[in-house]
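Numbering (the numbering used here), first residue to last: 269 to 507.
Using N, Cα and C, we set each Cβ at its ideal position, and we do this for glycine too.
The structure presented is a predicted model; accordingly, all values stated were derived computationally and were not measured.
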């Protein structure tokens, strides 16, 4: 086979290969093992900031009072983005509950961690008065106003809020039982009853704040409450 014939054959082989490759591409047949790469579209908003905005809406308007339009406007996103990122209205509210409990109500955990019962009680009542009167916060407390009274459709949210409040009361009861075992709470006082009493004071401060009570007024109510507790509940306990 002479050199010219070899060059001719090689050129025709290249042409045939190129035509075959193009045909495979057009027909969708891959010449190699396919590697699927999916690029997720980044969200164009801050989820934490959006959830914070949703919390303020529920805090101001309650679960049933807040509309989807209220939420999307405050969160700065459209409906599809809201549902994709957070789910439905109930799902958003449940996430808001966790955000509120972990952030806004963290003073309660700090109060329960105090070493003496007097410090615990003062931290709870004074801390509530201070928290409820922060100027930038909506009036009142989300744990009370969020879903205290709801229609049938919102019953799961109402029950979740009840469990939330009962959980806080149970944590307080446990701390009071510890105080009683250490001689700080008189034996004649039932920790469960005292926990319910303190919870009632805290809830009452929330109602007063929603009614427009000022920081000075809430502080005076807290001071009166502490004096009464000191005199009638803690006065006979060992010091």
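- Counting the other CB atoms within 10 Å of its CB gives residue 419 a total below 16, which places it among the exposed residues.
- When secondary structure is reduced to three states using DSSP, residue 410 falls in the helix class.
- Cα atoms of residue 398 and residue 387: separation of roughly 15 Å, rounded to the nearest angstrom.
- With 16 or more other CB atoms across the displayed protein chains lying within 10 angstroms of its CB, residue 493 is buried.
- Judged by DSSP secondary structure, residue 393 falls within the alpha helix (DSSP H) whose first and last residues are 385–400.
- Of the residues 351, 390 and 415, the one whose Cα lies closest to the Cα of residue 326 is 415.
- Annotated as distal: residue 477 and residue 410, with beta-carbon spacing of 8 Å or more.
- Secondary structure at residue 459: helix, using DSSP grouped into helix, strand and coil.
- With respect to residue 452, residue 384 sits close: the two C-beta atoms are nearer than 8 Å.
- The C-beta of residue 402 has fewer than 16 other C-beta atoms within 10 Å across all chains shown, which makes the residue exposed.
- Residue 380 is not a Cβ neighbour of residue 360, given a cutoff of 8 Å.
- Of 442, 482 and 485, the smallest CA-CA separation from residue 377 is found for 442.
- DSSP, reduced to helix, strand and coil, places residue 373 outside both helices and strands of the structure shown, so it counts as coil.
- The C-alpha of residue 328 is placed about 39 Å away from the C-alpha of residue 448.
- For the pair residue 321 and residue 342, the Cα-to-Cα distance works out to about 6 Å.
- If you look at residue 340, you'll find it in the alpha helix (DSSP H) that goes 336–343.
- Note that the segment 422–433 touches the segment 361–372; at least 3 beta-carbon pairs, one per stretch, sit closer than 8 Å.
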